[in-house]
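Colleague: First the structure, which I've put down as structure tokens, then a few questions once you've had a look.
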Amino acid sequence: MAQNIRPAAVAGKFYDADRESLIRTVARCYKKAETMAPLSREERDGRTTVQAVVVPHAGYVFSGAVAAAAYLRLDPEVRYKRIFLLGPSHHVAFDGASVASAYSAYSTPLGNVDVDTATCMALQQTGAFGYVPAAHDREHCLEVQLPLLQYRMKNPAPIVPIIIGTQNSDRLMAIAKALQPYFTADNLFVISSDFSHYPSYDDALTVDSCTGHALETGSLENFQQAVEHNGNLGIRNLYTSACGQCAIAVMLAMAQQSGKTTLASDLHIKHIAYLNSGDSPYGGKKEVVGYHAFALFRDKRIQNDQAADDSDSFTLTANDKQQLKNLAWNAIAPARMHRPVTPTPVFESRVGVFVTLTEHGHLRGCIGHFGEDVPLGRLTEEMARAAAFEDPRFRPVTEDELSDIELEISVLTPLKRITDISQFDYGRQGIYIKKGGRSGTFLPQVAKEVNWTKEEFLGHCSQDKAGLGWDGWRTADLYTYEAIIF
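Just so you know, the sequence shown maps onto residues 1 to 486 in full-length UniProt numbering.
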């Protein structure tokens, strides 16, 4: 792809155009943030990771320190896979969401930040995103985040710039659904929004307090009700309670538990800082804009009840399956078997996968992994190579054999812990047995290949796969899962 770098549109307006001056300005923002919103013990100890931040997008003299207070929660040593930037359209009206797929990078006085064009194009294929060039060319709400991120992260991950031009609830939920597979600990979401627009200083305190408290509950319904409530107060010159309420709504929709109005159990929102333009020596008190900063934290411990919810909702489309198969074949024989691959959002899911190879109906290799630590796309490639070349039971697959090899993929739904074998649906679910440093599994389809009772199935898995002995499963941790086989 040819380089198409988006030039900085608001350098010299919202922030310094000179590199050294900009570094000094950003350093002052962070120094003020450290005083205004010091890190808590939990944040310093690294017991949580930052999943998302809500940050303002005014000129740095007005809101730079507030935004920096949120970014201060980011660990500079953590390398996110990508950073999603979501904000409202200020220059062009359109009814949807636009992702900047045409740019290879965004330029700032501190250097270029790469765009993850593959992810941009994958989002467009969901139907929830288009590309509206005018929505990005002069837009400041995403650009002003970049120097702050560059200073804090030193080498920021590639970005996915998204401008939202709709308040339609159905469209916002479609946007959230398309982004949901990426809403994982290895991606950062930056939600760009100022808050009250143009009321008096005192009225802004009232409005922004109401909106901020609602957002901190993590409930999309509470947030929307607060915005509606503020609009009914009759406050002079109140244009909006949050210019980026569309982007905030998308974040809250992704963060809520499936089918519920509360945050997922491993997430919590914290208010970080607040100022308005009247607090700046450059702003007046008669008409102000409010600036909140929030951080959405993800607890590092795994929640079993959330895994159960995920297990019930995880699905693959026909296109997902085809793209994963193409990935697997390319990993085994990139020259001879190369097939085009178009990434889909499911590539980012953190689920397990097994790749099974057969030759003339006989097993030729089978390797898998429970993938909480690796995205599904990459894991599929790794397991395909391992099944072909690293299964210790077989010699490596040769090029001459490829035409006779059949490949089967089993994508595993998230693990669900059980406390009694009556909870194990033998024949439909697989079993994973773990005790100490030993573990083993049987895929669901194994039940169809043997003539065992449920307890014999558990005994063989415990003895033959986990090395725990025939009755070892009785004192081990047991997990079930389902397999999507194709």
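Virtual Cβ for every residue (Gly too), placed ideally from N, Cα, C.
What's the gap between the Cα of T413 and the Cα of P181?
Modeller: In the sequence shown, residue 413 corresponds to position 413, counting from 1. In the sequence shown, residue 181 corresponds to position 181, counting from 1. Taking the straight line joining both Cα atoms gives about 14 Å.
Colleague: Among V411, H271, T480, L238, which one has its Cα closest to the Cα of A214?
Modeller: In the sequence shown, counting from the first residue as 1, residue 214 sits at position 214. The candidate whose alpha carbon is nearest that of A214 is H271.
Colleague: Any chance you could list the alpha helix (DSSP H) runs of at least 4 consecutive residues sitting entirely within the segment 337-407, in chain order?
Modeller: Within the segment 337-407, the complete alpha helix (DSSP H) runs of at least 4 residues are 376-389.
Colleague: Does Q256 pass the burial test, meaning 16 or more other C-beta atoms within 10 Å, or should it be called exposed?
Modeller: Walking along the sequence shown from the start, residue 256 turns up at place 256. Looking at its Cβ environment, which holds 16 or more other Cβ atoms inside 10 Å, Q256 is buried.
Colleague: For R28, write down the residues that DSSP places opposite it in a beta bridge.
Modeller: The residue given as residue 28 occupies position 28 in the sequence shown. R28 is not bridged by DSSP to any residue.
Colleague: What is the DSSP secondary structure of S439, counted as helix, strand or coil?
Modeller: Here residue 439 refers to the residue found at position 439 of the sequence shown. S439 falls in the strand class under three-state DSSP.
Colleague: Go ahead and pull the three-state DSSP assignment for L233.
Modeller: Position 233 of the sequence shown, counted from the start, is the residue given in the question as residue 233. The DSSP-derived three-state label of L233 is coil.
Colleague: Say whether the segment 374-384 touches the segment 417-426, bearing in mind that this needs 3 or more beta-carbon pairs closer than 8 Å, one atom from each stretch.
Modeller: no
Colleague: Name the DSSP bridge partner or partners of N48?
Modeller: Taking the first residue of the sequence shown as 1, we reach residue 48 at position 48. First, the residue type needs correcting, since residue 48 is Thr and not Asn in the sequence shown. Answer is D299, bridged to T48.
Colleague: Can you find at least 3 beta carbon pairs, one from the segment 65-77 and one from the segment 200-212, that sit closer than 8 Å?
Modeller: Verdict: no, contact absent.
Colleague: Nearest CA to the CA of Q225: which residue from E34, A249, Y274, Y239?
Modeller: As a first step, residue 225 must be located in the sequence shown, where it is residue number 225. Comparing Cα positions, the closest option is A249.
Colleague: Can you round the beta-carbon distance between F390 and I405 to whole angstroms, since I take them to be within the 8 Å contact cut?
Modeller: Within the sequence shown, residue 390 is the residue found at index 390, counting from 1. Within the sequence shown, residue 405 is the residue found at index 405, counting from 1. Going by the sequence as given, residue 390 is Glu instead of Phe. The beta-carbon separation of E390 and I405, rounded to 15 Å, does not stay under the 8 Å limit for a contact.
Colleague: According to DSSP, what are the bridge partners of A176?
Modeller: Reading the sequence shown from its first residue, position 176 is the one you call residue 176. Per DSSP, none; premise fails for A176.
Colleague: Exposed or buried, which one is G218 when buried takes at least 16 other CB atoms within 10 Å?
Modeller: Taking the sequence shown and counting its residues from 1, the one referred to as residue 218 is at position 218. Buried.
Colleague: What is the DSSP secondary structure of T206, counted as helix, strand or coil?
Modeller: Reading the sequence shown from its first residue, position 206 is the one you call residue 206. DSSP places T206 in helix when its eight states are reduced to three.
Colleague: Cα separation between Q303 and L267?
Modeller: Residue mapping note: residue 303 aligns to position 303 of the sequence shown, counting from 1. Residue mapping note: residue 267 aligns to position 267 of the sequence shown, counting from 1. Note that Q303 scores 39 on pLDDT, short of 50, meaning its location in the model is unreliable; the coordinates nonetheless yield the value given after this. Their backbone Cα atoms lie some 10 Å apart in a straight line.
Colleague: Note down, one range per segment and in chain order, each alpha helix (DSSP H) of at least 4 residues found wholly within the segment 111-171.
Modeller: 117-124, 133-137, 145-153
Colleague: Can you look up T317 in the DSSP assignment and give me helix, strand or coil?
Modeller: To locate residue 317, count along the sequence shown from 1; it is residue 317. Here T317 sits in coil by DSSP.
Colleague: Does the segment 17-24 come close enough to the segment 116-123 that 3 or more CB-CB pairs lie under 8 Å?
Modeller: Counting Cβ pairs under 8 Å, fewer than three are found: no touch.
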